[in-house]
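A.B. asks: The C-terminal position of the sequence shown is numbered 451 in the numbering used here, with every residue numbered one higher than the one before it.
Cβ coordinates follow ideal geometry from the N, Cα and C atoms, glycine included.
Just so it is clear, the structure is predicted and the values come from calculations on it, not from any experiment.
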Amino acid sequence: MDRNGRRLPVDRLIHPIVTANRHADYKNELVDNGPRYPGAAELSLATAQWVAFYNRERPHSYCHDLTPDHAEQLHYDRTRILSPEEALTQ
Numbered sequence: 362m363d364r365n366g367r368r369l370p371v372d373r374l375i376h377p378i379v380t381a382n383r384h385a386d387y388k389n390e391l392v393d394n395g396p397r398y399p400g401a402a403e404l405s406l407a408t409a410q411w412v413a414f415y416n417r418e419r420p421h422s423y424c425h426d427l428t429p430d431h432a433e434q435l436h437y438d439r440t441r442i443l444s445p446e447e448a449l450t451q
């Protein structure tokens, strides 16, 4: 949370080294070692597919071998404030 109590977007919580590694992975896996794309539209589609795979299916060591989507969901589940009714049933 920021100093005003607002929840920060998850990408603001990620260390810059992790971001640099993500960019290196993208360049290595899709650009350098992937097929050549005939145009920007094809590269854009391939990028969207790679990002979906990277976030939803590929485990990451910095997430303790969870996918980023799964790690994010666990984070929000742990930090969620329970309603009084939910608190009574926990």
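Determine the contact status of Asp430 and Asn416, defining contact as a CB-CB distance below 8 Å.
C.D. replies: In the sequence shown, residue 430 corresponds to position 69, counting from 1. In the sequence shown, residue 416 corresponds to position 55, counting from 1. In this structure, Asn416 lies closer than 8 Å to Asp430 by Cβ.
A.B. asks: With 16 other CB atoms within 10 Å as the buried threshold, where does Leu435 fall?
C.D. replies: As a first step, residue 435 is located in the sequence shown; it is residue number 74 there, counting from the start. Exposed is the call here.
A.B. asks: By the DSSP assignment, the alpha helix (DSSP H) with Leu404 in it spans what residues?
C.D. replies: Walking along the sequence shown from the start, residue 404 turns up at place 43. From DSSP, the alpha helix (DSSP H) with Leu404 extends over 401-417.
A.B. asks: Would you kindly check if the distance between the Cβ of Thr408 and the Cβ of Glu418 is under 8 Å?
C.D. replies: Looking up residue 418 in the sequence shown gives position 57. Looking up residue 408 in the sequence shown gives position 47. No, the pair does not count as a contact, with Cβ atoms beyond the cut-off.
A.B. asks: Should Leu391 go down as buried or exposed, given a rule of 16 or more other Cβ atoms within 10 Å for buried?
C.D. replies: Position 30 of the sequence shown, counting from 1, holds the residue named residue 391. Looking at its Cβ environment, which holds 16 or more other Cβ atoms inside 10 Å, Leu391 is buried.
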